[in-house]
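Colleague: So that we are looking at the same thing, I have put the structure below in structure tokens.
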Amino acid sequence: MNGVARFIARRLAFGVVLVAGVSAIVFFLVNAIGNPIAMLIAGQPNATEEQINQLTAYYHLDEPAWQRYLHWLGNLAHLDFGTSITYNEPVSDMLLVWGSETLKIQIPAILIAFFMAIAIATHASMRQYSRTDFSIMAGALLGQSLPAFLTGLILILVFAYTLGIFPSYGAYSTRNPLLGSPLLDALWHMVLPVSMLAYFNTATLTLLLRANLVEVLRHDYIMAARASGLPERRIVFGHALRNAIIPVLTYLGILFGLMLATAPVTETVFTWPGLGFLYINAIQQLDYPVIMGVSVVIAVMLVLTTLATDIAYVFIDPRIRLD
Amino acid sequence: MASETVTPAPRILLRRQGMWRLGLQRLRRNRSGMLGLSLVAFVVLVAITCHWLAPYDPNDQSAALGFGTSKGPALLHLLGTDRLGYDILSRLVYGAPTALAVGIGAMMIASLIGVTIGGIAGYCGGMVDELLMRFTEFLLVLPVFLVILAVVRLFGIMVVGSWLERVPDLNLITIILLLGCFGWPSIARITRAEFLRLRHAEFVEAARCIGTRQRDIVLRHILPNALPSIIVVVALGVGGAVLAEAMISFLGFGDPNSISWGQLLYFNYETMRIAPWATLAPGAAIFITVLGFNLLADGLSDAFNPRLRQ
Numbered sequence: 029m030n031g032v033a034r035f036i037a038r039r040l041a042f043g044v045v046l047v048a049g050v051s052a053i054v055f056f057l058v059n060a061i062g063n064p065i066a067m068l069i070a071g072q073p074n075a076t077e078e079q080i081n082q083l084t085a086y087y088h089l090d091e092p093a094w095q096r097y098l099h100w101l102g103n104l105a106h107l108d109f110g111t112s113i114t115y116n117e118p119v120s121d122m123l124l125v126w127g128s129e130t131l132k133i134q135i136p137a138i139l140i141a142f143f144m145a146i147a148i149a150t151h152a153s154m155r156q157y158s159r160t161d162f163s164i165m166a167g168a169l170l171g172q173s174l175p176a177f178l179t180g181l182i183l184i185l186v187f188a189y190t191l192g193i194f195p196s197y198g199a200y201s202t203r204n205p206l207l208g209s210p211l212l213d214a215l216w217h218m219v220l221p222v223s224m225l226a227y228f229n230t231a232t233l234t235l236l237l238r239a240n241l242v243e244v245l246r247h248d249y250i251m252a253a254r255a256s257g258l259p260e261r262r263i264v265f266g267h268a269l270r271n272a273i274i275p276v277l278t279y280l281g282i283l284f285g286l287m288l289a290t291a292p293v294t295e296t297v298f299t300w301p302g303l304g305f306l307y308i309n310a311i312q313q314l315d316y317p318v319i320m321g322v323s324v325v326i327a328v329m330l331v332l333t334t335l336a337t338d339i340a341y342v343f344i345d346p347r348i349r350l351d
Numbered sequence: 373m374a375s376e377t378v379t380p381a382p383r384i385l386l387r388r389q390g391m392w393r394l395g396l397q398r399l400r401r402n403r404s405g406m407l408g409l410s411l412v413a414f415v416v417l418v419a420i421t422c423h424w425l426a427p428y429d430p431n432d433q434s435a436a437l438g439f440g441t442s443k444g445p446a447l448l449h450l451l452g453t454d455r456l457g458y459d460i461l462s463r464l465v466y467g468a469p470t471a472l473a474v475g476i477g478a479m480m481i482a483s484l485i486g487v488t489i490g491g492i493a494g495y496c497g498g499m500v501d502e503l504l505m506r507f508t509e510f511l512l513v514l515p516v517f518l519v520i521l522a523v524v525r526l527f528g529i530m531v532v533g534s535w536l537e538r539v540p541d542l543n544l545i546t547i548i549l550l551l552g553c554f555g556w557p558s559i560a561r562i563t564r565a566e567f568l569r570l571r572h573a574e575f576v577e578a579a580r581c582i583g584t585r586q587r588d589i590v591l592r593h594i595l596p597n598a599l600p601s602i603i604v605v606v607a608l609g610v611g612g613a614v615l616a617e618a619m620i621s622f623l624g625f626g627d628p629n630s631i632s633w634g635q636l637l638y639f640n641y642e643t644m645r646i647a648p649w650a651t652l653a654p655g656a657a658i659f660i661t662v663l664g665f666n667l668l669a670d671g672l673s674d675a676f677n678p679r680l681r682q
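Chains as they are written, first to last, in the working numbering: chain A, 29 to 351; chain B, 373 to 682.
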């Protein structure tokens, strides 16, 4: 256990370095453009010099950049991300609200993809090189190469515009929720974005798992299991899957990171009120506390995901030791 | 004597069985790899001949006066017009050189950095290796896409009023540079792995024994043998860069003056309900290009590492 604790400590230290690095890069980038207040307010004809100075002092923008960065880091220690310039709300509250919307589509998407991939890949690997196998592979290859946001646009075109079954944008109806139930309404809005993400994830995981299964099924112990007369279904689920699934589990972490990083795109397609959408707006409006907040939260999520997959590894595969 | 007729044979055989020739022969037999190669060749061909292929000037908006904006495919405009009155087919065709410039330009920068860093790490080993690989890992975990978006936007503000503002296609060049400067970690990793594998290979030891210079060992003996694996990652990266540029443009951070598929999507996806062709056409173009490079990379990987395949 000592080894595991040391490993976690080292990964966490790397995580802290990563988060500090990301925040420093973004902070100094944002500061390179000068005073965002002056820039934002310059277009307002009624703004006086005095008001600009007042706001600049309020956001401490008159201090040197490094001093503000240290100040910002100090506040971060007690989870204070500052106040949004455009929304005038605490950024930490905004991150919670918008962040939960992002997770609301990404976690179901990855869970659905995981179980679908197991079902599909085992099905395919039991019928290697059959017509079913080939069509599954073709569908998976298509899903992997079709950029997720294009899948999203096609889904909107078919299911929202042409068939009119699902809404094309937003996480909630502004009025008249579906059948008067807010929960049903929320689920109804989730269907298309989750399908978009799940298709790409399922395709990627299916290809990976099928390749691993095909490879594992050639091993001697599988041959032994076959010789003992076990039905193919039990060989695949009882023996092969356990070994073939390990790389898939690590890949879950990579996929989750990819989804987080491309959240601005997927959330723009569905006008989804999540972190990515918030980030795009913040960049466009130079709302630097929000830009900082979102990039740090995403970096933290990435670090925790990699850590979780690394630890999951050890529990699934006793051959792997962390050190 | 019998030996006279036998000796030339192995020499011919040896010449024919170069690593590249064998790999390309295997690629030719790989159906999906060849499909990828033909898709890529198609895009390259369109990019080269775009001046002759495009029925209209890409900046010609005159359809807005007669034919109409957001009109469906017709004989006059084979893929219809978009909401600004541009002929979609012409814009699509002129988008091909932009996409390739982004993909290949970004990957040229990335491979230059990646091969140098990975090569140094793999060849030197020790502390240098540790340090460089930690840095690579850092960049690999970094949410690069978010950083690039921020840089593109902020750089666009910074150049206002400076001489840089007059550089044509500045925004596109920025995107290419950024994709290159952040895209090298995967190339560095594969280069390092190959250099580690080859560093103590017998033929390298042999070269060292006969007193070959350090530089020649790296450039003439190790690098050429590492190249196939690197090319696979680079081919994958070209597709990735094309997609990344499309996504950046789609979000509205692209170059408004350049003609790219992402820009076409950005200008038209909001009118998808009335003019779906204006969104689907650039989408299909991006898909074909990305798929082509993915399949080609897959085929090359199978062709040059046949043992992995078995």
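Glycine included, C-beta positions come from ideal geometry on N, C-alpha and C.
In or out: Val-44 of chain A buried (at least 16 other Cβ within 10 Å) or exposed?
Modeller: Its Cβ having fewer than 16 others within 10 Å, Val-44 of chain A is exposed.
Colleague: Please report the distance separating the alpha-carbon of Ser-375 of chain B from that of Met-479 of chain B.
Modeller: Unreliable placement is indicated for Ser-375 of chain B, whose pLDDT of 49 sits below 50; the coordinate value is still reported in the next sentence. Rounded to the nearest angstrom, the two C-alpha atoms are 51 Å apart.
Colleague: If we count the other Cβ atoms within 10 Å of its Cβ and call it buried at 16 or more, is Glu-683 of chain B buried or exposed?
Modeller: Any answer about residue 683 of chain B is impossible in this case: the structure gives chain B only from 373 up to 682.
Colleague: Measuring alpha carbon to alpha carbon, tell me which residue in B:Glu-566, B:Asp-627, B:Ile-594 and B:Phe-625 is nearest Val-604 of chain B.
Modeller: Here the closest residue by C-alpha is B:Glu-566.
Colleague: Put Ala-374 of chain B into one of helix, strand or coil per three-state DSSP.
Modeller: A caution first: Ala-374 of chain B carries a pLDDT of 48, below 50, which makes its placement in the model too unreliable to give a value.
Colleague: Suppose the cutoff is 7 Å on Cβ atoms and the five residues either side in sequence are ignored; what does the same chain contact list for Leu-225 of chain A look like?
Modeller: Counting only Cβ-Cβ distances below 7 Å, and skipping sequence neighbours, we find Ile-133, Gln-134, Ala-137, Ala-176, Met-287 and Thr-294.
Colleague: Which residues bound the alpha helix (DSSP H) around Tyr-316 of chain A?
Modeller: Start and end: 316 to 344.
Colleague: Can you tell me whether DSSP reads Leu-672 of chain B as helix, strand or coil?
Modeller: Helix at Leu-672 of chain B.
Colleague: What does a CB cutoff of less than 7 Å around Thr-114 of chain A pick up in its chain, not counting 5 residues either side in sequence?
Modeller: Closer than 7 Å at Cβ, skipping near neighbours: Gln-313 and Asp-315.
Colleague: Taking 8 Å as the limit between beta carbons, can you name the residues of its chain near Tyr-466 of chain B, skipping five residues before and five after?
Modeller: These residues qualify, in order along the chain: Cys-422, Ala-426, Pro-430 and Ile-631.
Colleague: Within the same chain, show all residues whose beta-carbon is closer than 7 Å to that of Tyr-331 of chain A, passing over the 5 residues directly before and after it, in chain order.
Modeller: What sits at residue 331 of chain A in the sequence shown is Val, not Tyr. These residues qualify, in order along the chain: Gly-43, Leu-46 and Val-47.
Colleague: Determine the DSSP secondary structure at Thr-130 of chain A, reduced to helix, strand or coil.
Modeller: Thr-130 of chain A: helix per DSSP, three-state reduction.
Colleague: How would you call Asp-459 of chain B, buried or exposed, if buried means at least 16 neighbouring beta carbons within 10 angstroms?
Modeller: By the 10 Å Cβ count, Asp-459 of chain B comes out buried.
Colleague: Between Ala-233 of chain A and chain B, is there a C-beta pair that is closer than 8 Å?
Modeller: One point to set straight first is that residue 233 of chain A is Leu, not Ala, in the sequence displayed. Not an interface residue.
Colleague: Secondary structure at Pro-292 of chain A, three-state DSSP: helix, strand or coil?
Modeller: Helix.
Colleague: Suppose you measure from the CA of Ala-419 of chain B to the CA of Leu-451 of chain B; what does that come to, to the nearest Å?
Modeller: Going by the C-alpha atoms only, they are around 18 Å apart.
Colleague: Shorter than 8 Å from the beta carbon of Ala-137 of chain A to some beta carbon of chain B?
Modeller: Not closer than 8 Å to any Cβ of chain B, the Cβ of Ala-137 of chain A fails to qualify, so no.
Colleague: Is DSSP giving Pro-92 of chain A helix, strand or coil here?
Modeller: Coil at Pro-92 of chain A, not helix or strand.
Colleague: Check whether the Cβ of Leu-514 of chain B lies closer than 8 Å to any Cβ atom in chain A.
Modeller: It does; some Cβ of chain A falls within 8 Å.
Colleague: Could you tell me whether the Cβ of Ile-658 of chain B comes closer than 8 Å to any Cβ of chain A?
Modeller: Closer than 8 Å: yes.
Colleague: Looking at chain A, is there any beta carbon in it that lies within less than 8 Å of the beta carbon of Arg-681 of chain B?
Modeller: Per-residue confidence for Arg-681 of chain B stands at a pLDDT of 47, beneath the threshold of 50, marking its modelled position as unreliable; no derived number is given.
Colleague: Is there at least one Cβ from chain A nearer than 8 Å to Leu-529 of chain B's Cβ?
Modeller: The question names Leu, but residue 529 of chain B is Ile in the sequence shown. So yes, Ile-529 of chain B belongs to the interface.
Colleague: Could you give the DSSP three-state label for Thr-1 of chain A: helix, strand or coil?
Modeller: Residue coverage of chain A in this structure runs from 29 to 351, which leaves residue 1 of chain A outside it and unanswerable.
Colleague: Taking the alpha carbon of Ile-492 of chain B as the reference point, which residue from B:Tyr-638, B:Phe-625, B:Ile-594 and B:Asn-677 has its own alpha carbon closest?
Modeller: Among B:Tyr-638, B:Phe-625, B:Ile-594 and B:Asn-677, the Cα nearest to that of Ile-492 of chain B belongs to B:Ile-594.
Colleague: Relative to the alpha-carbon of Pro-292 of chain A, which residue among B:Pro-469, B:Val-487, B:Glu-502 and B:Leu-521 has its alpha-carbon at the smallest distance?
Modeller: Checked all of B:Pro-469, B:Val-487, B:Glu-502 and B:Leu-521; the closest Cα to Pro-292 of chain A is B:Leu-521.
Colleague: Chain B beta carbons: is any one of them nearer than 8 Å to that of Tyr-87 of chain A?
Modeller: Not an interface residue.
Colleague: Taking Gly-49 of chain A as the reference, which of A:Gly-62, A:Asp-90, A:Ile-326 and A:Ala-166 has the closest Cα?
Modeller: Checking every option, the nearest Cα to that of Gly-49 of chain A belongs to A:Ile-326.
Colleague: Can you tell me which of the three DSSP states Thr-232 of chain A falls into?
Modeller: If DSSP states are grouped into helix, strand and coil, Thr-232 of chain A belongs with the helices.
Colleague: Should Glu-129 of chain A be labelled buried (16 or more other beta-carbon atoms within 10 Å of its own) or exposed?
Modeller: Answer is buried; the Cβ neighbour count reaches 16.
Colleague: Tell me which residue opens and which closes the alpha helix (DSSP H) that Ala-579 of chain B is part of.
Modeller: Counting along the chain, the alpha helix (DSSP H) containing Ala-579 of chain B begins and ends at 574 to 581.
Colleague: According to a CB-to-CB cut-off of less than 8 Å, which residues of the segment 322 to 338 of chain A neighbour chain B?
Modeller: Within the segment 322 to 338 of chain A, the residues whose Cβ lies closer than 8 Å to some Cβ of chain B are Val-322, Ser-323, Ile-326, Ala-327, Leu-330, Val-331 and Thr-334, listed in chain order.
Colleague: Could you have a look at Pro-469 of chain B and say whether DSSP puts it in helix, strand or coil?
Modeller: Pro-469 of chain B: helix per DSSP, three-state reduction.
Colleague: Please classify Met-391 of chain B as buried or exposed, where buried requires at least 16 other C-beta atoms within 10 Å of its C-beta.
Modeller: It is exposed - the Cβ of Met-391 of chain B has fewer than 16 other Cβ atoms within 10 Å.
Colleague: With which residues is Asp-459 of chain B paired in a DSSP beta bridge?
Modeller: The partner list for Asp-459 of chain B (beta bridge, DSSP) reads B:Thr-453.
Colleague: If we cut at 8 Å on Cβ distances, does Gly-49 of chain A have a partner in chain B?
Modeller: Closer than 8 Å: yes.
Colleague: Note down the Cα distance separating Ile-146 of chain A from Thr-334 of chain A, rounded to an integer number of angstroms.
Modeller: Distance between the alpha carbons of Ile-146 of chain A and Thr-334 of chain A is about 21 Å.
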